[in-house]
Amino acid sequence: MDRREIFNLLFRSSVNEPIVLEPDPVLETPAHLKTDQTIPVFKEWTALPADGTFKLELSTAYAFTVTLDLNYPAKAVNPEQILSLGIQPEKTSSIKTGINSEGYLFIDNLADSRLIPMDKLLTGIQLVLTVNPLGRGMSFTKLKIMDSAGLTIATLKTRQYTTADWVGGMTLSAPPFNLLRIQGLHEAEPHQENQTQSK
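Encoded structure:
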């Protein structure tokens, strides 16, 4: 028996059968990426609200960004004061983020190992907090500090918080600031969806 006969015996039935192409499996889009039923949220403040709390009014189930502009020569009395964005959940605790008095970026107990030079702080800085859902209720948090030219000086990242940890209002422990901005998404209410569809 030669090779051809062996191959014919082994693969004869499969050669005569038509090849049926199977479609790729449909993967469900994670909830935090379904943004078709959401409304963009964009808010800016240049002064502290009367009650001292900034209302986020966004859904932490989706990515959001908080940007804090600080111009030390114009606004701050003491450049070594602690600058923290405190997202205050409806719990007893809050997540403090910012620059500590020693000059290190921090998110609660986690601190960056790189010291931020004081001369950089004196020229004016921008703190940017970004929270991205990862699925299963967890989030990826990144805090970065940029100089007045828009160059990143330092970055701190963590995955230890859930999306529910960020629910609530926000306070500043060092009120002098130039601009506070939040960007994110809010889930559309059913009656708003109907109005949008009818237009």
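Taken in order, the sequence shown gives residues 1 to 199; the numbers are from the UniProt record's numbering.
Here a beta-carbon is modelled for each residue, glycine too, at the ideal position from N, C-alpha and C.
Bridge-paired residues (DSSP) for residue i
i: leucine 115; result: Answer by DSSP bridge pairing: none, since leucine 115 is not bridged.
i: glycine 184; result: Val41
i: glycine 135; result: Met138
i: leucine 110; result: Ile107
i: phenylalanine 64; result: Val131
i: isoleucine 125; result: Leu70, Asp147
i: lysine 157; result: Lys142
i: lysine 55; result: Gly169
Residue i versus residue j - alpha carbon distance
i: glutamate 187; j: alanine 31; result: 12 angstroms
i: proline 176; j: alanine 149; result: 21 angstroms
i: alanine 47; j: threonine 67; result: 14 angstroms
i: threonine 35; j: leucine 172; result: 30 angstroms
i: tyrosine 62; j: arginine 136; result: 13 angstroms
i: tryptophan 166; j: threonine 60; result: 7 angstroms
i: tyrosine 104; j: aspartate 112; result: 6 angstroms
i: glutamate 189; j: isoleucine 107; result: 33 angstroms
i: threonine 162; j: threonine 141; result: 10 angstroms
i: phenylalanine 123; j: proline 133; result: What sits at residue 123 in the sequence shown is threonine, not phenylalanine. Going by the C-alpha atoms only, they are around 33 angstroms apart.
i: isoleucine 95; j: glutamine 37; result: 28 angstroms
i: isoleucine 125; j: leucine 179; result: 11 angstroms
i: glycine 52; j: serine 93; result: 17 angstroms
i: aspartate 2; j: leucine 33; result: 58 angstroms
i: alanine 50; j: lysine 144; result: 28 angstroms
i: valine 131; j: leucine 185; result: 12 angstroms
i: aspartate 147; j: alanine 164; result: 31 angstroms
When the options are compared against residue i, the one with the closest alpha-carbon
i: lysine 157; options: Gln126, Arg136, Asn109; result: Asn109
i: leucine 70; options: Ala63, Lys120, Thr53, Asp51; result: Lys120
i: valine 128; options: Ser173, Phe64, Ser59; result: Phe64
i: glutamine 183; options: Ser93, Asp51, Lys55; result: Lys55
i: methionine 138; options: Thr53, Arg159, Ser93, Pro49; result: Arg159
i: glycine 169; options: Leu58, Asp2, Leu143; result: Leu58
i: arginine 181; options: Ala164, Trp45, Val131; result: Trp45
Inter-stretch contact (C-beta, 8 angstroms, three-pair minimum) for the stretch 41 to 54 and the stretch 99 to 119
no
Taking 8 angstroms as the cut-off, does the stretch 115 to 125 touch the stretch 153 to 168 (at least 3 CB pairs, one atom from each stretch)?
yes
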